[in-house]
Amino acid sequence: MAGSSDQSADETGTSADPPEAVPSGIAKLIPIVGWLPHYNRKWLRPDLIAGVSVAALVVPKSLGYAGIVGVSVEHGLYAAAAGAILYALFGTSRQIATGPSSALAAVAAGGLVTSGLSGDDAVALVAAITMVTGLLYLLLALFKMGWISNFLSKAVITGFLFGAAIQVVIGELPKLTGTEAEGSNSWRELGSWVEGLDQTDSTTLLIGVLSLVLIFGLRFKAPKVPGALVLVVIGIFAGWALDLGDEGVALVGDVPRGLPSVAFPDLGFVRDNIQVIVGSSVGLLLIGFSQTAGDARSFASKHRYRIDINQESTAQGAANVGAGLVGGIPVSTSLSASSLNDTSGAKTQVASLTTGAVIVLTLLLLAPLFSDLPLPVLAAIIIEAVVGGMMDVPAMRRLFRVDRVDFWIAIVAILGVLAAGVLAGVLIGVLLSIIWLIYVSATPSMTVLAREPDTQVFRSLERYSDGETQSGVLVVKFDAGLYFASSGAFEDELRELFDAADPKPHTIVVSFEAVSFIDSQGSAQVSSILDLVEGRGVEIRLARVHPDVLEVLGKDNVIDQLGEDNVYGNIYRAVMDEQPDAT
Numbered sequence: 002m003a004g005s006s007d008q009s010a011d012e013t014g015t016s017a018d019p020p021e022a023v024p025s026g027i028a029k030l031i032p033i034v035g036w037l038p039h040y041n042r043k044w045l046r047p048d049l050i051a052g053v054s055v056a057a058l059v060v061p062k063s064l065g066y067a068g069i070v071g072v073s074v075e076h077g078l079y080a081a082a083a084g085a086i087l088y089a090l091f092g093t094s095r096q097i098a099t100g101p102s103s104a105l106a107a108v109a110a111g112g113l114v115t116s117g118l119s120g121d122d123a124v125a126l127v128a129a130i131t132m133v134t135g136l137l138y139l140l141l142a143l144f145k146m147g148w149i150s151n152f153l154s155k156a157v158i159t160g161f162l163f164g165a166a167i168q169v170v171i172g173e174l175p176k177l178t179g180t181e182a183e184g185s186n187s188w189r190e191l192g193s194w195v196e197g198l199d200q201t202d203s204t205t206l207l208i209g210v211l212s213l214v215l216i217f218g219l220r221f222k223a224p225k226v227p228g229a230l231v232l233v234v235i236g237i238f239a240g241w242a243l244d245l246g247d248e249g250v251a252l253v254g255d256v257p258r259g260l261p262s263v264a265f266p267d268l269g270f271v272r273d274n275i276q277v278i279v280g281s282s283v284g285l286l287l288i289g290f291s292q293t294a295g296d297a298r299s300f301a302s303k304h305r306y307r308i309d310i311n312q313e314s315t316a317q318g319a320a321n322v323g324a325g326l327v328g329g330i331p332v333s334t335s336l337s338a339s340s341l342n343d344t345s346g347a348k349t350q351v352a353s354l355t356t357g358a359v360i361v362l363t364l365l366l367l368a369p370l371f372s373d374l375p376l377p378v379l380a381a382i383i384i385e386a387v388v389g390g391m392m393d394v395p396a397m398r399r400l401f402r403v404d405r406v407d408f409w410i411a412i413v414a415i416l417g418v419l420a421a422g423v424l425a426g427v428l429i430g431v432l433l434s435i436i437w438l439i440y441v442s443a444t445p446s447m448t449v450l451a452r453e454p455d456t457q458v459f460r461s462l463e464r465y466s467d468g469e470t471q472s473g474v475l476v477v478k479f480d481a482g483l484y485f486a487s488s489g490a491f492e493d494e495l496r497e498l499f500d501a502a503d504p505k506p507h508t509i510v511v512s513f514e515a516v517s518f519i520d521s522q523g524s525a526q527v528s529s530i531l532d533l534v535e536g537r538g539v540e541i542r543l544a545r546v547h548p549d550v551l552e553v554l555g556k557d558n559v560i561d562q563l564g565e566d567n568v569y570g571n572i573y574r575a576v577m578d579e580q581p582d583a584t
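Just so we're aligned, residue 2 is where the sequence shown starts under the numbering used here, counting upward by one.
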């Protein structure tokens with residue numbers, strides 16, 4: 002059922018925003034069914050402009066992303082078309098552009114390298130990886146498991162992408178020089194390339210250097226110009242006009258005209274390569290979903306409409322399944338394409354449909370032209386894409402400035418990718434995130450509090466040395482949930498602070514404001530501490546206890562052991578209440 006239109010003007014004042022709709026029935030699964038009948042023709046022009054603009058960006062970059070993966074360039078276009086069209090049908094964001102990306106291509110390439118497959122088998126493997134990634138997205142939506150993306154911290158993702166970008170750049174260097182390189186990891190491949198520089202083809206090198214200068218020059222001096230598209234057009238013309246193939250410059254080669262056929266992966270083939278397929282798909286899911294959810298929320302907040310994160314997972318799942326069925330490479334949200342879609346005025350998912358239609362027309366009419374594209378030009382497009390999209394130098398600087406632990410985690414992720422490959426890098430990243438999560442959970446802090454003068458506010462005594470303390474009263478705050486991983490630290494920290502206090506306190510006030518969760522082991526630990534202090538004449542009081550935590554303590558009879566009178570609504574009352582006699 003359609004809602005009322007939002008009558009506020011858009012930024013250009015040319016049209017109203019699309020209406021909010023409450024999806025029901027089939028429209029909940031396929032949102033376009035709900036909003037398309039209410040489509041305002043005034044939105045068509047900005048949607049068409051945005052769609053064509055995004056296609057101009059996506060088409061040349063998709064050629065490069067296919068090159069990163071290690072399959073023929075047309076498979077990048079197949080994925081771009083399927084991703085754009087299927088997302089428009091199933092997605093809830095009006096500005097998101099879905100297609101191949103450098104990060105996803107690097108992960109898929111890692112799986113292909115691990116498998117050692119080539120030719121048609123390589124295409125089949127990448128298609129299977131893409132399909133399984135889509136199925137994982139659908140499971141994510143079905144069971145509402147979006148939290149799984151939290152297993153890769155921001156520091157790990159930053160380092161992983163940076164390392165993957167370096168690996169991709171090293172892999173593209175031979176295309177710039179017309180030489181060969183091989184190696185079991187990036188370091189060995191780089192060394193092999195250096196050793197073979199005496200075989201450099203001068204014409205290939207010249208084209209590669211000029212291409213890099215042009216595309217990076219446009220990026221920094223004229224960022225609104227689609228540098229990849231300009232370079233592709235110039236490269237194709239030069240390849241044809243100068244007969245660069247006859248001059249010893251490697252070309253992309255035959256690119257078939259027409260649409261791809263739909264094919265299901267052979268189950269025997271999938272079974273034989275199941276480890277690589279599943280490993281790659283999990284990595285693609287973890288990286289892709291975190292980007293998808295964040296970008297979708299960002300655009301929805303900017304334009305004041307609602308999105309459904311579970312439906313976004315469904316949309317990405319459908320896009321990847323569809324891309325896999327037509328032999329494409331993995332797809333997800335593309336931030337650069339989505340930003341261009343937004344700034345170009347996209348009002349609805351019709352912009353994404355337009356992008357898909359333009360890519361389909363490209364396949365039908367223009368695909369053979371890409372055959373004359375020189376490989377050093379394609380390498381320059383790939384290098385610019387990964388350097389600009391994956392090497393986040395400001396983020397690394399911020400990590401170094403804000404949190405050195407996160408910075409070194411990112412460095413380890415980079416080195417892991419370069420030494421062991423992209424798939425191993427994903428695994429290393431997940432393990433680093435989990436280890437860090439366990440460490441933080443098992444070593445929470447306990448802060449000594451003191452009262453701000455002339456107020457009832459209690460704050461850190463270490464940070465605010467002018468705080469007032471009550472004689473014989475130790476006030477502390479435990480800064481974590483109290484459960485199996487942190488319960489031991491709770492007792493250790495409390496013992497340490499009690500032993501360090503001079504004079505010894507007769508009352509300990511523990512603020513549970515930050516304890517939002519407690520399990521049976523945490524409750525038992527509180528009981529154990531009460532037993533411990535009972536013989537020392539020390540009284541424990543709890544302040545600001547969450548209702549859920551209080552309920553668990555009550556069921557475990559800890560409140561009876563503590564005494565209901567020793568549970569307070571705030572720290573000030575717990576401190577100022579009648580004190581027991583000091584022993």
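From the three backbone atoms N, C-alpha and C, an ideal C-beta is built for every residue, glycine too.
Buried or exposed (CB count within 10 angstroms, at least 16 for buried), residue i
i: histidine 76; result: buried
i: leucine 1; result: Limits of the chain in this structure are 2 at one end and 584 at the other, which puts residue 1 out of reach.
i: aspartate 373; result: buried
i: lysine 176; result: buried
i: serine 524; result: buried
i: alanine 142; result: buried
i: lysine 180; result: Reading off the sequence shown, one finds threonine at residue 180, where the question assumed lysine. Buried, by the Cβ-count rule.
i: glutamine 276; result: exposed
i: arginine 398; result: exposed
i: leucine 198; result: exposed
i: glutamate 313; result: buried
i: glutamine 457; result: exposed
i: serine 262; result: exposed
i: threonine 293; result: buried
Straight-line gap, residue i to residue j (C-alpha atoms, nearest Å)
i: glutamine 526; j: asparagine 558; result: 13 Å
i: glycine 588; j: alanine 80; result: No statement about residue 588 is possible, as the shown extent of the chain runs from 2 to 584 and does not include it.
i: leucine 498; j: proline 506; result: 10 Å
i: isoleucine 50; j: serine 517; result: 49 Å
i: valine 114; j: valine 327; result: 22 Å
i: serine 529; j: aspartate 493; result: 12 Å
i: alanine 320; j: glycine 329; result: 10 Å
i: leucine 90; j: aspartate 393; result: 32 Å
i: glycine 164; j: phenylalanine 144; result: 32 Å
i: arginine 258; j: leucine 362; result: 10 Å
i: aspartate 247; j: phenylalanine 238; result: 15 Å
i: leucine 1; j: phenylalanine 290; result: This structure gives no information on residue 1, because the portion of the chain shown stretches from 2 to 584.
i: valine 476; j: tyrosine 484; result: 21 Å
i: isoleucine 310; j: lysine 478; result: 36 Å
i: valine 576; j: tryptophan 148; result: 39 Å
i: serine 461; j: valine 449; result: 6 Å
i: glycine 538; j: valine 550; result: 26 Å
DSSP three-state assignment for residue i, whether helix, strand or coil
i: glycine 4; result: Only weak support is given to the placement of glycine 4: the predicted model assigns it a pLDDT of 40, under 50, and the value that follows is read from those uncertain coordinates. Residue state, collapsed to three classes: coil.
i: glutamate 183; result: coil
i: threonine 334; result: strand
i: threonine 99; result: strand
i: glycine 14; result: For glycine 14, the predicted structure reports a pLDDT of 38, less than 50, and the residue's modelled location is therefore unreliable. The matter cannot be settled from this model.
i: threonine 508; result: strand
i: alanine 583; result: Interpretation of alanine 583 is limited by its pLDDT of 47, a score under 50 that renders its predicted location unreliable; no figure is taken from the coordinates.
i: serine 466; result: coil
i: serine 119; result: coil
i: tyrosine 569; result: strand
i: isoleucine 360; result: helix
i: isoleucine 208; result: helix
i: arginine 258; result: coil
i: arginine 305; result: coil
i: serine 1; result: This structure leaves residue 1 out entirely; the chain is present only between 2 and 584.
i: isoleucine 31; result: coil
i: phenylalanine 161; result: helix
i: leucine 495; result: helix
Rounded Cβ spacing between residue i and residue j (contact assumed at less than 8 Å)
i: glycine 422; j: alanine 414; result: Glycine 422 to alanine 414, Cβ: 13 Å. No contact.
i: tyrosine 168; j: valine 418; result: A small fix is needed here, since residue 168 is glutamine in this sequence, not tyrosine. Between valine 418 and glutamine 168 the Cβ distance is about 6 Å, and since that is below 8 Å, they are a contact.
i: phenylalanine 408; j: leucine 416; result: Not confirmed; about 13 Å, so no contact.
i: glutamine 317; j: threonine 159; result: Actually they are not in contact, since the Cβ atoms of glutamine 317 and threonine 159 sit about 22 Å apart, beyond 8 Å.
Sheet register partners of residue i (DSSP bridge)
i: alanine 544; result: Ser512, Tyr569
i: lysine 478; result: Thr448, Ser512
i: leucine 252; result: Pro375
i: leucine 483; result: Ile519
i: arginine 460; result: Ala451
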